[in-house]
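Worksheet for the structure shown next.
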Amino acid sequence: MSLQTPARAVPPRGETPASDDHATPRGGITGVTTRSRILVTGLLVAAAGYFLLPVYWLVVASTKSTGDLFGSFGLWFSHPRFLSNLRQVVTYDDAIYLRWAANSLLYAGVGAGVATLLAAMSGYALAKFSFAGRDTIFNIVLGGVLIPATALALPMYLLFSEAGLANTYWAVLLPSFVSPFGVYLCRIYAAASIPDELLEAARIDGAGEIRIFTVVVLRIMTPALVTIFLFQFVGIWNNYFLPLVMLSDSKLYPITLGLTSWQSFADRQPQLYQLTVGGAFVSVVPLMIAMVALQRFWRSGLTEGSVKG
Amino acid sequence: MPTRAPRRRRNLAPVVFVAPFLLLFLLTFALPIGYAVYQSVMDVEYTGSLGLGGSHTVFVALSNYSDALSDHAFLRSIGRVLLFAVVQVPVMVVLSAGLALLLDSASAKGVRFFRAAFFLPYGVPGVIASILWGFLYVPGVSPLVDGMRHLGLSVDLLGGNTVLWSIANIVTWEFAGYNVLVLVAQLRTIPAELYEAARIDGASAWATVRHVKLPLLRPALILTTVFTIIGTLQLFAEPLVLKPVSSSIDSAYTPNLSAYNEAFTNDNYHLAAAEAVLLALAAFVLSFGFLRLINKRGGDA
């Protein structure tokens, strides 16, 4: 399942959501008993165990030889050899793994960057200008949020192959540039956070529309733009169906596709099991660190985003 | 239409701002849908004996749709994802809401750590999560399966009756933490005065959850549900990755797998297009249906 259309969005309230680890507990019910505290903590620990177990397994498995991967207890180390595994992952098949990593960065970085800019431009225009067809455009875009991405990928492949775009970088990049959710969020955010007086003042000062957008609007919309960039980046990074459908040349693969191609050959070449596990470890760990580090940005967008459905 | 020059220049600006997005939106949303609809009402016809006389594309109206809808494997795949949704959507929503309320409760310590732990899997791509859990499902490799066997429990996590729920587990693992984050963010917007009022009224912790927190969570819960529904219908990577290790997963296990298989294995683009259109329609109908149902009942969603 690739759920990549996040859907909450709603007007900024000008609050600073990052500060939510207060010393004073929220939910302020007094008279918390020791028993309920133990119960709550116990449940949270159990849940954390569930979410972390596969990650822990991956850490352990990435240090094992192919033999130990199958022959030793999965949740404990056995002859750790992480560095030599790592070297194998990055050098195998003329360092194709590094190429996949670079491709993933290209697709997700450029895709999310362009998508964010286009969403900001059109969201701002839809919020702050009145022109014919404005509501029609917005409603169509809104409908786009509800269309499953995988239902589009197949016809898009047929279309792109007619146009000679299939199996090129563009085949993955072009669809990544489009974020209907981003436009939706930007419109709502711009409507609530950019004062008309400010725009009028800038116009009276003689600033052109493009200059107003790049200097004033983009700055005010930064919190929403960071959220959109993150959503889009993770969405593209995690996307599997689109590149699978579009790409046949393994040199163009992103990591997700590359790893499954290794996995699918592992029957014949057992060494590839270890490479799949090691490669998964290398690809997942930086993203996990980024996730945790950027959590407050996710939350800032989300708080604003879910005040009202 | 205003006529003064500066006004007119300003009227051109929104067009310039919207045009690039709109063009790409047309290229990657409207055109593929239109093209899929077109492809789905056409078919390839072969002429001459054994089709050696060449082929040409002809209009066949809805016959691809009736083919798709009379294909038992495809129908079963739809039934399967619906069954999956009926179970997984409530599990996901209840689990996320439960964890969010626990994190928000006064008793919770180490909130920052737990929230990060729950959210981590969201950064793991679905295919990689499936590869990971795949190892944790296969007997002989999986410490879980082996451990349970030592305890005298022999479970086959990849069998005909269980593999769908093993997939549900992967999906829940991936997205629950994200939903928790959304719901926790929503809970943080509840003004402290409400709690104060509840406390003065002598409300128990449970009454506060029921009468203060859950109603305020409603919009976020609704959106979480709608997007879980859409996600469910798209099920693809998880069954595809588990297919080699589970004989119970066939090439039409989910509607998406079926469409993919028709297009790339059977070279039947027209049938595949019809299946893709049906899938998009189903997602639309279910999402809007759910939203309407909610709106009718609650009125304030």
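First to last, the protein sequences are chains A and B. Just so we're aligned: 112 in numbering that gives the first Met the number 0 is position 113 of the first sequence, and the numbers increase by one with no gaps anywhere. Just so we're aligned: 116 in numbering that gives the first Met the number 0 is position 117 of the second sequence, and the numbers increase by one with no gaps anywhere. Glycine included, each C-beta is placed from N, C-alpha and C at the ideal position. In this text the structure is predicted, and so the values were computed from the model without any measurement.
So, helix, strand or coil for B/TYR45, using DSSP? Residue state, collapsed to three classes: strand.
Tell me B/PHE58's beta-bridge partners as DSSP assigns them. B/MET41
In terms of residues, what are the limits of the alpha helix (DSSP H) holding B/SER95? 71–103
Please list, in chain order, all residues of the same chain as B/ALA309 whose beta carbon is under 6 Å from its beta carbon, the five residues on each side excluded. Residue 309 of chain B is absent from the structure shown; chain B starts at 0 and stops at 300.
Hey, would you say A/LEU52 sits closer than 7 Å to B/LEU101, going by beta carbons? With contacts defined by Cβ atoms closer than 7 Å, A/LEU52 and B/LEU101 do not form a contacting pair.
Collapsed DSSP secondary structure at A/PRO361 in the structure displayed: This structure gives no information on residue 361 of chain A, because the portion of chain A shown stretches from 0 to 308.
Count the other CB atoms within 10 Å of the CB of B/LEU241; is the residue buried (16 or more) or exposed (fewer)? buried
May I ask you to report which of helix, strand or coil DSSP gives B/TYR136? helix
Report the residues of the segment 116–137 of chain B with a CB closer than 8 Å to any CB of chain A, ordered along the chain. ALA116, PHE117, PHE118, LEU119, PRO120, TYR121, GLY122, VAL123, PRO124, GLY125, VAL126, ILE127, ALA128, ILE130, LEU131, TRP132, PHE134 and LEU135
Assign B/ASN160 to one of three DSSP states: helix, strand, or coil. coil
Simplified DSSP state of B/ILE293, which is helix, strand or coil: helix
Just to confirm before moving on: does the CB-CB distance between A/ASN84 and A/GLY277 stay below 7 Å? yes
Going by other Cβ atoms of all chains shown within 10 Å of its Cβ, with 16 needed for buried, is B/VAL93 buried or exposed? exposed
In terms of residue numbering, what span does the alpha helix (DSSP H) encompassing B/PRO254 cover? 254–263
Rounded to whole angstroms, what's the CA-CA distance from B/LEU22 to A/LEU141? Just pull it up for me. 16 Å
Between which two residues does the alpha helix (DSSP H) carrying A/VAL39 extend? 33–60
Do A/ILE211 and A/ALA201 have their C-beta atoms closer together than 7 Å? In contact: A/ILE211 and A/ALA201 (Cβ atoms closer than 7 Å).
Look at the alpha carbon of A/GLN231 and the alpha carbon of A/ALA114, and state the distance between them as a whole number of angstroms. 8 Å
Identify the contact partners of A/THR115 in chain B, using a Cβ-Cβ distance below 8 Å as the criterion. The premise fails here: A/THR115 is roughly 11 Å from chain B at the closest Cβ pair, so nothing lies under 8 Å.
Meets three-Cβ-pair contact criterion under 8 Å: the segment 178–189 of chain B and the segment 253–273 of chain B: Between the segment 178–189 of chain B and the segment 253–273 of chain B there are fewer than three C-beta pairs closer than 8 Å, too few to call the two in contact.
Mind listing the chain B neighbours of A/ILE146? Cutoff is C-beta to C-beta under 8 Å, in chain order. Going along chain B in sequence order, the residues near A/ILE146 (Cβ under 8 Å) are PHE28, ILE32, ALA279, ALA282 and PHE283.
Considering B/ILE228, what are the terminal residues of the alpha helix (DSSP H) in which it resides? Element bounds for B/ILE228: 213–232.
Would a C-beta distance cut-off of 7 Å place A/PHE50 and B/PHE112 closer than the cut-off? At least 7 Å separates the beta-carbon of A/PHE50 from that of B/PHE112.
Roughly how many angstroms separate the alpha carbons of A/ASP248 and A/LEU125, rounded to a whole number? 40 Å
Count the other C-beta atoms from every protein chain shown that fall within 10 angstroms of the C-beta of B/LEU61, then say buried if there are 16 or more, exposed otherwise. exposed
Residue from B/LEU277, B/TYR64, B/THR27 and B/LEU186 with nearest C-alpha to B/VAL40: B/TYR64
For B/ILE77 and chain A, any beta-carbon pair shorter than 7 Å? no
From the beta carbon of B/ALA4, is the nearest beta carbon of chain A less than 7 Å away? Residue confidence for B/ALA4 is low, a pLDDT of 47 falling below 50, so the modelled location carries little weight; the figure read from the coordinates is stated next. Chain A, which has no Cβ nearer than 7 Å to the Cβ of B/ALA4, makes this no.
B/ARG187 (DSSP reduced to helix, strand or coil): coil
Report all residues from its chain with a CB closer than 7 Å to the CB of A/ASP93; omit the five preceding and five following residues, and keep chain order. none
Would you kindly work out how many angstroms separate the C-alpha atoms of B/LEU239 and B/TYR136, rounded to a whole number? 15 Å
For B/PRO124, which of helix, strand or coil comes out of DSSP? It is coil, neither helix nor strand.
Using a Cβ cut-off of 8 Å, pull out every chain B residue sitting near A/GLN294, in sequence order please. ARG114, ALA115, PHE118 and LEU180
Leaving out five residues before and five after A/ALA165 in sequence, what residues of the same chain have Cβ atoms less than 7 Å from its Cβ? Closer than 7 Å at the Cβ level, and outside the excluded window around A/ALA165, lie TYR156, PHE159 and MET245.
For B/VAL17, I'd like the list of residues in its chain whose CB is within less than 6 Å of its CB, leaving aside the five on either flank, ordered along the chain. none
Since A/VAL233 meets chain B, which of its residues come closer than 8 Å, beta carbon to beta carbon? TYR121 and GLY122
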